[in-house]
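Anchor point for the sequence shown: position 5 equals -7 in this note's numbering, and the numbering is continuous, going up by one each time.
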Amino acid sequence: MARKSFALRTEPHVAEIGDDIELEFQPEVMGDEFLDAYEALQDTYTELGVDPSNAAGMTPAQLRTTTDAVRAFLAGLMLPESAGQFDTMRLPHRVIVALLEWTLEIYGGNGGQRPPTSSNGSAAASPPRGTRGTASSRSKGSTPARGR
């Protein structure tokens, strides 16, 4: 008989911003709730026809709409008091993006990868480390030129 124990987080995740701001996120988010919220965020990107990894390619209106969608996604994962505080905060875009990436890592599981949704904007996986190149190897029969 196989046995495996799984722990559930009971303490909130805390994002520290600056010296005096702490935003508390739910300790655990049920998988369907997380995926539904993430899917809604992806739907916003699709409706706008934007690539979320290329903010420079967006119009100001598209950037504003996507930022609002990301903020709503993040607030939905926060504890109510933090969500209320977050709704009134002005933050640099880079901090909002970093919060998004962090929440995808802590709630998405999947080794820090994006959740397994039907997003077609995901980057291709990197090749495995140690992949051989196409150059010939000196140890496989070629000898260096001598006397040059």
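Even for Gly, the Cβ is constructed at its ideal location relative to N, Cα and C.
As the structure is a computational prediction, the values presented were derived from the model and not from experiment.
Secondary structure at V2: strand, using DSSP grouped into helix, strand and coil. Within 10 angstroms of the beta-carbon of S41 lie fewer than 16 other beta-carbons, which makes it exposed. Exclusion of the five residues before and after P15 leaves L(-4), R(-3), T(-2), E(-1), P0, H1 as the residues of its chain whose Cβ lies within less than 8 Å of its Cβ. If you draw a straight line from the Cα of F22 to the Cα of A63, it is about 12 Å long.
Fully contained in the segment 57 to 92 are the following alpha helix (DSSP H) runs of length 4 or more, in chain order: 68 to 76.
Burial state of M(-11) is exposed, judged by a 10 Å Cβ sphere holding fewer than 16 other Cβ atoms. Look at E16 here: in three-state DSSP terms it is coil, with no helix or strand label. At a Cβ-Cβ threshold of 8 Å, L79 and E12 do not count as neighbours.
Rounded to whole angstroms, A57 and S(-7) show a C-alpha spacing of 36 Å. Distance from the Cα of T53 is smallest, within the candidate group E27, A71, A44, T32, for T32.
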